[in-house]
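Encoded as structure tokens, the structure appears first; notes follow it.
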Amino acid sequence: MGRSERKHRAILAAAQEMFLAGGYLGTNMDELAARSSVSKQTVYKHFGSKEALFVELVTSMTDAAGDRVHNEVADPADGDDLVGFLESYADRQLDIVMTPKLLQLRRLVIGEVGRFPDLAEALYEHGPKRAIGMLAAMFARLTERGMLHADDATAAATAFNWLVMGESLNRAMLLGDAAIPSTAERRAQVRAAVRVFLAAYGAR
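Here is the structure:
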């Protein structure tokens with residue numbers, strides 16, 4: 001890793017800590033530069049503006065979470081336990097997305113939508129939209145192989161995503177981190193979500 005890349009990562013790390021703790025308005029760029037061990041000029045050289053830095057932080061955090069959910073999972077092979085695969089996938093998704101930092105980022109972005117719509121767009125494009133796109137591609141492949149029956153793979157992916165995420169995400173967003181489900185609660189929700197999903201999209 002080169003010196004410039006190390007500085008870029010140090011700035012993003014400090015930005016994550018400060019934006020999540022103090023919000024957009026509460027984050028001071030002079031302090032952020034000091035915490036990053038770079039000059040304020042270097043911060044602006046890398047990111048251009050405070051808003052651009054915030055957008056990149058949103059993008060990098062949501063991309064990293066999405067990669068952990070999707071990129072390390074191979075499609076199930078013919079004859080594999082589809083129920084077990086979907087439950088494992090959903091449990092991984094719910095466990096990764098329902099972390100305090102990502103929930104705080106989501107709350108922070110929603111609070112800034114009126115002033116900075118680009119933030120919400122970045123969160124949506126790199127979060128739910130990207131996740132549903134990856135799921136849709138996988139569900140289309142499974143439908144071609146006869147393991148699912150999803151004429152509209154995007155609709156199936158959207159249904160799966162929100163069956164898994166909806167209740168837990170709503171509770172945690174509104175009630176705080178104390179409402180993040182326990183492992184047992186998460187797995188029970190996952191089993192129920194997969195059962196309902198397969199009732200609609202299971203192979204005929």
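Read in order, the letters of the sequence shown correspond to residues 1 to 204 in UniProt numbering.
Glycine included, C-beta positions come from ideal geometry on N, C-alpha and C.
What would DSSP say about residue i, mapped onto helix, strand or coil?
{"i": "residue 127", "result": "coil"}
{"i": "residue 202", "result": "strand"}
{"i": "residue 71", "result": "coil"}
{"i": "residue 177", "result": "helix"}
{"i": "residue 182", "result": "coil"}
{"i": "residue 77", "result": "coil"}
{"i": "residue 166", "result": "helix"}
Measure how close the beta-carbons of residue i and residue j come, nearest whole angstrom, since I'm counting them as under 8 Å.
{"i": "residue 136", "j": "residue 157", "result": "4 Å"}
{"i": "residue 201", "j": "residue 123", "result": "The pair is not a contact, with the Cβ atoms about 27 Å apart (cut-off 8 Å)."}
{"i": "residue 56", "j": "residue 20", "result": "Contact flag wrong, Cβ pair sits at about 14 Å."}
{"i": "residue 68", "j": "residue 96", "result": "5 Å"}
{"i": "residue 181", "j": "residue 98", "result": "7 Å"}
{"i": "residue 163", "j": "residue 197", "result": "6 Å"}
{"i": "residue 94", "j": "residue 165", "result": "7 Å"}
Per the DSSP calculation, residue i is bridged to which residue(s)?
{"i": "residue 142", "result": "DSSP lists no partner for residue 142."}
{"i": "residue 148", "result": "202"}
Should the segment 106-123 be regarded as contacting the segment 31-43, the criterion being three or more beta carbon pairs within less than 8 Å?
-> With the cut-off at 8 Å, the segment 106-123 and the segment 31-43 do not touch.
Counting pairs of beta carbons, one from the segment 42-50 and one from the segment 75-82, are three or more of them closer than 8 Å?
-> The segment 42-50 vs the segment 75-82: no contact.
Ordered list of alpha helix (DSSP H) runs contained in the UniProt domain "HTH tetR-type" (5-65), each at least 4 residues = 29-36 and 40-47, all fully within the UniProt domain "HTH tetR-type" (5-65).
Is the segment 137-148 in contact with the segment 162-177, if contact means three or more CB pairs nearer than 8 Å?
-> Short answer: they don't touch.
Unbroken alpha helix (DSSP H) runs of length 4 or more, entirely within the segment 83-136: which are they?
-> For the segment 83-136, whole alpha helix (DSSP H) runs of length 4 or above, ordered along the chain, are 100-111 and 117-126.
Any 3 or more C-beta pairs closer than 8 Å across the segment 102-114 and the segment 20-29 | The segment 102-114 makes contact with the segment 20-29; the number of CB pairs closer than 8 Å reaches 3 or more.
Does the count of Cβ pairs from the segment 2-17 and the segment 83-90 closer than 8 Å reach three?
-> Result no; under three Cβ-Cβ pairs closer than 8 Å.
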